[in-house]
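S.K.: Please read through the structure below; I'll follow up with questions.
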Amino acid sequence: FLLKSTQTQNCQFLFTMASIASMNATAFAQKAVLTSRKSNTFASTSSRAVNHAPCKVLRTPLTGLRNTRVTASASSDASLWMPELEAPSVDFAQANLILPEMGLPTFPGVFAGSASPAVSAGGGGGYDAHRPKTPPPDLPSLLLDSRIVYLGMPLVPAVTELIVAELLYLQYTDATKPLYIYINSTGCTRADGTTVGFETEATAIYDTMSYIGVECQTVGVGVAVGQACMLLSAGTKGKRFMLPHATAMLQQPRVPSTGSRQAVEIYIKWQEVLRMKKTYLDILSRTTGHSLEKLDKDMLRPLYMQPLDAVEYGVIDKILTKDEPAIATVKSGAQWDTDAGLVQRQA
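One rule links them: number in our numbering = place in the sequence shown (from 1) + 4.
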């Protein structure tokens with residue numbers, strides 16, 4: 005008995021939904037016919053003159069429509085009758101959404117209830133009442149305000165663009181204060197050795213560090229591989245640090261895949277790689293104090309260095325610990341608020 009009753013209810017529900025769908029289809033069909041008649045009227049009146057009878061103004065109260073004027077015009081051809089509606093002012097909070105003249109069930113709350121529940125309830129402004137009017141500063145901006153530049157990705161063009169821009173900005177704001185570069189990068193390659201950038205990405209950063217003339221203190225965090233190790237050693241002498249468990253590694257410059265090229269193009273690329281390698285060795289010779297021959301021999305295979313090894317090799321000057329901080333005293337909380345223009349309320 006229960007199963008049969010459930011089946012009967014399901015059939016009634018499906019019948020009701022089918023009836024609503026049929027009514028919608030009928031209403032859309034009527035609208036299509038009216039649109040077709042209107043287009044035929046415009047076509048016929050453009051080709052011949054039509055003598056219109058006096059117009060009669062009808063005022064029809066429609067739900068949700070205000071200030072609506074319906075003008076009925078009749079021409080010599082009765083089949084060309086078409087109501088001319090002026091642009092109505094629609095109140096979506098009261099108007100039905102699907103053909104009110106057909107009496108179909110609608111949901112005016114879709115438009116009327118678009119506001120937040122807390123706002124519509126008439127409370128204290130809703131959930132967003134106490135949110136700040138401006139977005140808070142992002143973390144890189146806060147670090148930049150403390151003159152900290154963080155290199156935490158492989159050296160690709162987008163990263164180089166950001167680092168160079170930050171260096172130039174810090175030199176512009178105050179050329180007398182030092183800046184701090186924290187390095188955790190695999191250089192121009194990924195961790196698996198795949199080349200992702202050209203060697204010129206690192207030389208662009210190095211040239212900018214040399215150009216701005218600001219004291220650059222470098223700190224090795226995590227790993228500094230290849231060109232990133234060269235940037236670590238390029239800091240101001242005596243101000244190059246590594247954390248106790250960081251790693252540095254020197255390796256041969258890597259070249260992206262050249263693909264299908266002519267022999268002369270491969271030869272030209274080979275000469276360019278040799279030139280970049282010589283530039284790489286020249287920079288390392290200036291920063292570490294070793295000869296070109298020693299550096300070239302040491303880099304025939306990857307040369308890994310722990311902090312003590314890096315100090316001995318001349319890549320860094322000191323191992324950074326809590327007792328020997330690299331950066332100067334940072335701003336206090338009250339100083340941050342004062343510089344940001346925030347006024348502290350008196351208790």
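Ideal Cβ positions, reconstructed from N, Cα and C, are used throughout, including at glycine.
Small disclaimer: the values here were computed from a predicted structure and weren't measured.
From the DSSP secondary-structure annotation, give me the bridge partner or partners of phenylalanine 423.
M.R.: As shown, the chain starts at 5 and ends at 351. That puts residue 423 outside it, with no answer to give.
S.K.: Under the three-state reduction of DSSP, which class applies to valine 259: helix, strand or coil?
M.R.: Working through the sequence shown from its first residue, we reach residue 259 at position 255. Looking at valine 259 - three-state DSSP - the assignment turns out to be coil, as it is neither helix nor strand.
S.K.: Rounded to a whole number of angstroms, what is the C-alpha to C-alpha distance between proline 158 and arginine 194?
M.R.: Indexing the sequence shown from 1 puts residue 158 at position 154. Indexing the sequence shown from 1 puts residue 194 at position 190. The straight-line gap from Cα to Cα measures roughly 7 Å.
S.K.: By a C-beta neighbour count over all protein chains shown, 10 Å radius and 16 as the cutoff for buried, is valine 229 buried or exposed?
M.R.: The residue labelled residue 229 in the question sits at position 225 within the sequence shown. Valine 229 is buried by the Cβ-count criterion.
S.K.: Rounded to whole angstroms, what's the CA-CA distance from valine 200 to lysine 181? Just pull it up for me.
M.R.: Numbered from 1 along the sequence shown, position 196 holds the residue referred to as residue 200. Numbered from 1 along the sequence shown, position 177 holds the residue referred to as residue 181. Each residue's Cα considered, the two are about 34 Å apart.
S.K.: CB leucine 183 to CB leucine 172, shorter than 7 Å?
M.R.: By one-based count along the sequence shown, residue 183 stands at place 179. By one-based count along the sequence shown, residue 172 stands at place 168. Not in contact: leucine 183 and leucine 172 (Cβ atoms no closer than 7 Å).
S.K.: By the DSSP assignment, the beta strand (DSSP E) with methionine 309 in it spans what residues?
M.R.: Counted from its first residue, the sequence shown places residue 309 at position 305. Counting along the chain, the beta strand (DSSP E) containing methionine 309 begins and ends at 307-309.
S.K.: Between serine 145 and chain D, is there a C-beta pair that is closer than 7 Å?
M.R.: Although the question refers to chain D, the structure presented lacks it and comprises just one protein chain.
S.K.: With distance defined between alpha-carbon atoms, name the residue in Met309, Ser264, Tyr210, Ile320 nearest to glycine 242.
M.R.: In the sequence shown, the residue the question calls residue 242 occupies position 238. It is Ile320.
S.K.: Would you please state the rounded distance, in angstroms, between the beta carbons of glutamine 255 and methionine 303? I believe it to be under 8 Å.
M.R.: Along the sequence shown, one-based indexing puts residue 255 at 251. Along the sequence shown, one-based indexing puts residue 303 at 299. Contact flag correct, Cβ pair sits at about 6 Å.
S.K.: Would alanine 238 and threonine 291 qualify as a contact pair, given that the criterion is a beta-carbon distance under 7 Å?
M.R.: Position 234 of the sequence shown, counted from the start, is the residue given in the question as residue 238. Position 287 of the sequence shown, counted from the start, is the residue given in the question as residue 291. Yes, the pair counts as a contact, with Cβ atoms nearer than the cut-off.
S.K.: Where do the ends of the beta strand (DSSP E) carrying leucine 254 lie?
M.R.: Your numbering for residue 254 matches position 250 in the sequence shown. Counting along the chain, the beta strand (DSSP E) containing leucine 254 begins and ends at 251-254.
S.K.: Judging by CA-CA distance, which residue of Gly224, Val160, Gly197 is the nearest neighbour of glutamate 203?
M.R.: Numbered from its first residue, the sequence shown carries residue 203 at position 199. When each option's Cα is compared against that of glutamate 203, the closest is Val160.
S.K.: What's the gap between the Cα of alanine 76 and the Cα of glutamine 34?
M.R.: Against the sequence shown, residue 76 aligns to sequence position 72. Against the sequence shown, residue 34 aligns to sequence position 30. Since pLDDT at alanine 76 reaches only 47, below the 50 mark, its modelled position is unreliable, and the value read off the structure follows with that caveat. Computed Cα separation, rounded: 18 Å.
S.K.: Per DSSP, serine 189 is paired with what?
M.R.: Working through the sequence shown from its first residue, we reach residue 189 at position 185. Beta-bridge pairing links serine 189 to Ala228.
S.K.: Which residues does DSSP pair with isoleucine 152 in a beta bridge?
M.R.: By 1-based counting over the sequence shown, the position of residue 152 is 148. Paired residues: Tyr184.
S.K.: Counting beta carbon pairs with one atom in the stretch 211-220 and one in the stretch 264-275, are three or more of them shorter than 8 Å?
M.R.: At 8 Å Cβ cutoff, the stretches do not touch.
S.K.: Let me make sure I understand the geometry here. Which of Ala29, Pro141, Thr283 has the alpha-carbon closest to that of aspartate 300?
M.R.: If you number the sequence shown from 1, residue 300 lands on position 296. Out of Ala29, Pro141, Thr283, Thr283 has the C-alpha closest to the C-alpha of aspartate 300.
S.K.: Would you identify the three-state DSSP class for glutamate 165, choosing helix, strand or coil?
M.R.: The residue given as residue 165 occupies position 161 in the sequence shown. Glutamate 165: helix per DSSP, three-state reduction.
S.K.: With 16 as the cutoff for other CB atoms within 10 Å, does leucine 62 come out buried or exposed?
M.R.: The residue labelled residue 62 in the question sits at position 58 within the sequence shown. Residue placement at leucine 62 is poorly supported in this model, since its pLDDT is 44, which falls under 50; the coordinates are not used for a value here.
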